[in-house]
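Trainee:
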Amino acid sequence: MNVLTRIGRCVAAYTLLALLAMPVMAVQMNIQAEFRPDPANPHLNKFENKTPSVGYCLGFPAQCAALNLFSLRASISANSTGPIAAFHTDPRQGAMFKVPTQWQDLTVIHRQTQEVETVRVRIMGVGSTYGVPNLVSLVGGGVTPLQAHGLLWTGSSWVYPPRSCLGTGISAYGSISYTFFWRTPLDSLCAKQARFDIPSMRYNYLEFAYELSTPNPLGMSSGEYTGSHQYTVGPGQDFDLGNLMMPSSPTLTLNFTLSVQHELKVEVPPGANRIELVPQGGWQAWLNQGRKPARLFRDQTFNVSASSRFKMQMSCERIIGDTCALKNTTDGHEVPLDVSVSLPHGLTRADGAGVSRQPLLLSGAGTELFQPGFYINRRPGTLHFEVKKDYADQMLSRGGTTYSGQVTVVWDSEL
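For the sequence shown, the positions run -26 to -1, 1 to 389 when mature numbering (1 follows the signal peptide of the UniProt record, and there is no 0) is used.
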């Protein structure tokens, strides 16, 4: 018998330790935001939150849109560890909420490039559905459940928030339950004082409104950026429900995905891939005037749509120095061809200056970065091709011959 007793005690002790070691399930929620350029609103360069709202912002979308708020409902319940005393003076011994209303930063990282950006989030509202047993009896009986909810608390029912918080008009009630949602100004503590002893209390879930501050998508690469931010839940934690209400999860993790879908599109008119260099006014004007042209050139327009940073590069069939060359098909004589680019208003160089006749060089110097200040939608730019006077004179001295060469210009969003 002694042996059996010892075995029984050992098994019981082992089972208890195993139960204590079981982890509490952490709660995670996903928030997704997207940037896609909108031709109808080229100056609207913001992420759009694609996460469906639940609760407060689902019922009051216009109010939330005006405040830039969104709401979610976390599957975190809370139960009291003891009774709530009538007219308690310490708010921590009753029903209270204190949430992280200050901006908090989190890092999101591009899945492929590992580029880093910062997202900011703050909590601007809190709500739930509370339940208490034998509601009508708690307040002495003889009243309806709605009246009982009002009598149970100082300041009436929870549609009326504590003085430091803001109401939203959200309320619903049952025979023992009441649904509420309060907006939480900065550093506010929302506490309701009981007017009767409450033996036990429960919150069915944790609903919250949040505000996002996202980076400028025009400075970000296409693709997905991901990151997480963990809040703690419990007495004295980020989501503080007081000393009596114990949450079912000690943490709430928000997983963020920012999707950037940029556009970089260049449209060249039909036939524009063949460039003929001519004097100012054309060859006939030169022949009529009898003077050598100051230069040979051609300006070729194109249309560009861009919501992202990009660079421009050039490659050549023939090379002279840092630029392309044209070759005489008869005697092989070569002259340098200067190529430059002008971009529409809204596209700037890295130093913020506009782009007018920016030289395109084989080294890429000067065209490593162009960036939009807003979405550029099918606006005209120009490629300038030119042979300067000294070299044009050399070409004209070989009258009746042809110079040719191939130039490739690349607009590249992969910086």
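Cβ atoms here follow ideal geometry from the backbone N, Cα and C, with glycine treated the same way. Since the structure is predicted, the reported quantities are computational estimates derived from the model, not experimental observations.
#1: For residue 110, I'd like the list of residues in its chain whose CB is within less than 7 Å of its CB, leaving aside the five on either flank, ordered along the chain.
#2: Short check: CB of residue 310 to CB of residue 365, under 8 Å?
#3: Since residue 357 is in the beta strand (DSSP E), which residue starts that stretch and which ends it?
#4: Identify whether residue 298 lies in helix, strand or coil by the three-state DSSP scheme.
#5: Going by CA-CA distance only, name the one from 317, 325, 296, 16 that's closest to residue 332.
#6: Does the Cβ of residue 130 have 16 or more other Cβ atoms within 10 Å, making it buried, or fewer, making it exposed?
#7: Using the DSSP secondary-structure output, state which residues sit across from residue 154 in a beta bridge.
#8: Give every residue of the same chain whose Cβ lies closer than 8 Å to the Cβ of residue 308, excluding the five residues on either side of it in the sequence, and list them in chain order.
#9: Considering Cα atoms alone, identify which of 268, 191, 39 is closest to residue 82.
#10: Is residue 351 buried or exposed, if buried means 16 or more other CB atoms sit within 10 Å of its CB?
#11: Is it buried or exposed for residue 239, if we count other Cβ within 10 angstroms and need 16 for buried?
#12: Can you check which of these residues, 165, 85, 21, 124, is closest to residue 152 by C-alpha distance?
#13: Mind checking residue -6: buried by the 16 CB within 10 Å criterion, or exposed?
#14: Taking the C-alpha atoms as reference points, what is the distance between residue 60 and residue 175?
#15: For residue 362, which residues in the same chain have their Cβ closer than 7 Å to its Cβ, ignoring the five residues on either side in sequence?
#16: If you draw a straight line from the C-alpha of residue -1 to the C-alpha of residue 147, how long is it?
#17: In whole angstroms, give me the CA-to-CA distance for residue 304 and residue 343.
#18: Please report the distance separating the alpha-carbon of residue 323 from that of residue 282.
Mentor: Here's the rundown:
#1: Around residue 110: 117, 119, 122.
#2: In this structure, residue 365 lies closer than 8 Å to residue 310 by Cβ.
#3: The continuous beta strand (DSSP E) containing residue 357 extends over residues 350 to 362.
#4: In the structure shown, residue 298 sits in a strand (DSSP, three-state: E or B).
#5: Residue nearest to residue 332 within the set 317, 325, 296, 16 is 317 (criterion: CA-CA distance).
#6: Under a 10 Å Cβ-count criterion, residue 130 is classified as exposed, with fewer than 16 other Cβ atoms of the shown protein chains found around its own Cβ.
#7: Beta-bridge pairing links residue 154 to 102, 145.
#8: Result list for residue 308: 292, 294, 299, 300, 301, 302, in chain order.
#9: Closest in alpha carbon position to residue 82, among 268, 191, 39, is 191.
#10: Burial call: buried.
#11: With fewer than 16 Cβ atoms within 10 Å of its Cβ, residue 239 is classed as exposed.
#12: Residue 152 has its Cα closest to that of 124, out of 165, 85, 21, 124.
#13: Per-residue confidence for residue -6 stands at a pLDDT of 36, beneath the threshold of 50, marking its modelled position as unreliable; the derived number appears in the next sentence. Exposed, since its Cβ has fewer than 16 Cβ neighbours within 10 Å.
#14: Taking C-alpha positions only, residue 60 is separated from residue 175 by approximately 13 Å.
#15: Same-chain partners within the cutoff: 269, 312.
#16: Taken atom to atom, the span from the alpha-carbon of residue -1 to that of residue 147 is near 29 Å.
#17: So the alpha carbons of these two residues sit roughly 39 Å apart.
#18: Just so you know, the alpha carbons of residue 323 and residue 282 end up roughly 13 Å apart.
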